[in-house]
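Asks:
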Amino acid sequence: MKNIILIIFLIFTTQIKAQDPEIFDTTWYLYASSGETEVDPPIEADPCEIPLSIYFEQNNTFYGRDVCSEFTGNWDYDPVENVFVLSNFNNIVVNPCDNSCSYGPTGPSFPLFIFLLDRYSTNQEALWIEVSQTNGIRNLLISEPGWTWLQFGDVPLLSSSDITKRAFSVYPNPASGVLLFSSNSNIAIKRLTVYSNLGKIILKKNISSSNSLDISTLESGLYYVEIISDTGKEIHKIVKI
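9 is the number that UniProt numbering gives to position 9 of the sequence shown; each next residue is one higher, with no gaps.
#1: Rounded to whole angstroms, how far is the Cβ of ASN91 from the Cβ of ASP118, which I believe are closer than 8 Å?
#2: Give the secondary structure of SER185 by DSSP, where H, G and I count as helix, E and B as strand, and everything else as coil.
#3: What are the complete beta strand (DSSP E) segments, minimum 3 residues, inside the UniProt domain "Secretion system C-terminal sorting" (170-239)?
#4: Quick one: is PHE84 buried, meaning 16 or more other Cβ sit within 10 Å of its Cβ, or exposed?
#5: By how many angstroms is the C-alpha of GLY64 removed from the C-alpha of ASP98?
#6: Any idea if VAL225 is buried or exposed, counting beta-carbon neighbours within 10 angstroms, 16 or more meaning buried?
#7: Using DSSP with H/G/I as helix, E/B as strand and the rest coil, what is PHE168?
#8: So, for SER229: in the same chain, excluding its five sequence neighbours on each side, which residues have a beta-carbon less than 7 Å away from its beta-carbon?
#9: Once the 5 residues before and after ASP76 are set aside, which same chain residues still bring their CB inside 6 Å of it?
#10: Would you mind working out which of ALA126, THR134, GLY232 and ILE238 sits nearest TYR171, comparing C-alpha positions?
#11: I'd like to confirm the pairing. Which residues does DSSP put opposite PHE71 in its beta bridges?
#12: Kindly give me the distance between the Cβ atoms of ILE227 and PHE181, rounded to whole angstroms, as I take these residues to be in contact under 8 Å.
#13: Can you tell me whether LEU117 is helix, strand or coil according to DSSP?
#14: Under DSSP, the beta strand (DSSP E) around GLU130 begins and ends at which residues?
#15: Report the residue from ARG138, THR217 and SER121 whose alpha carbon sits nearest the alpha carbon of ILE144.
#16: Compute the Euclidean distance between the alpha carbons of VAL131 and GLY153, then round it to the nearest angstrom.
#17: According to the Cβ coordinates, are PHE24 and PHE71 closer than 8 Å?
#18: To which residues does DSSP link TRP28 through a beta bridge?
#19: When burial is assigned at 16 or more other CB atoms within 10 Å of the CB, is GLN151 buried or exposed?
#20: Can you tell me whether TRP147 is buried or exposed, with buried defined as 16 or more other CB within 10 angstroms of its CB?
#21: Taking the DSSP output, what are the residues bridged to ASN59?
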C-alpha cells in the first residue's frame, strides 16, 4: 500500500513540475498584444520610460506594470491539460501617472494589455504560456483558444537614445503590402530576413537594387525583420495587417 501511495505521489509531483521553469523569476517586458481583430505593437519612436512588464513567481502569484497602473494576481497550473489559469486580477492606477510613452495606436494607454489580463482572470480562461528564443532574446507568449495573445521578451524595448543610433527606418508599419527601407546615410542593404514571433524564418531576400520587401503573402500578425548591411545588423518589429 505504501508503495502505491509513493508511486501516485511521484507521478503527481512530476506533472506539477512539467511547467517550464523559465517562465518564473524573470521580468518579462511587453512587446505586443493581439485581440480578435487588432494588434497593438509599441511605437518604437517613444517607448515607455518605465517598461510595461509582468513577473511570475513560483508561489502562484504574478505582478506587473502597465503605463499608468500596477497590477497583481494569482496563477494556477493544470498538469493534466498543461494550461495556466489566472485569477484575482487587481489593477491599481498610479495617480498622478509617473510614466510617459506612446504605446499602441490610440496613444499613451495600452488598453489591450490590461483588458486581456483582466478578461483571462475574470473568465478563468485556459492559457498556454510558452518560452522560446529569437536572436538571443527569450520570448514569452501567453495565448488562449480565442487566439488573443500577449508577447513579451526578457529585455526591455529599445530606449529613445538607442533608436536614434539605428541606420534604417522601416515604413509603413503596420503594412499590408510592400515595406520600404531608408537610410539617411544611403547605406546599402545586403539581405532582409523576416522571422515569426517564435523565431521561425518566414522570408529571406538578398537585395540588389530596390530597398523594399513585399510582405503581402504573409498572414496578419507580428514579425521581426533583420536587416544586414555594411554597417552590421538591425532588427525591427513590424505588423502585417
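Even for Gly, the Cβ is constructed at its ideal location relative to N, Cα and C. Owing to the predicted nature of the structure, the values given are computational and were not obtained by experimental measurement.
Replies: This is what the structure holds:
#1: 7 Å
#2: coil
#3: 178-182, 189-196, 201-206, 212-214 and 221-229
#4: buried
#5: 15 Å
#6: Only buried fits VAL225, as 16 or more other CB atoms lie within 10 angstroms of its CB.
#7: coil
#8: Once the five neighbours on either side are set aside, the close Cβ partners of SER229 are ALA167, ILE187, ALA188, ILE189 and LYS190.
#9: Excluding residues within five positions, the ones whose Cβ falls inside 6 Å are VAL85.
#10: ILE238
#11: Answer is GLY64 and ASN91, bridged to PHE71.
#12: 7 Å
#13: helix
#14: 128-134
#15: As written in the sequence, residue 144 is Glu, which differs from the Ile given in the question. Comparing Cα positions, the closest option is SER121.
#16: 9 Å
#17: no
#18: ILE54
#19: buried
#20: exposed
#21: ASN59 pairs with nothing; no bridge assigned.
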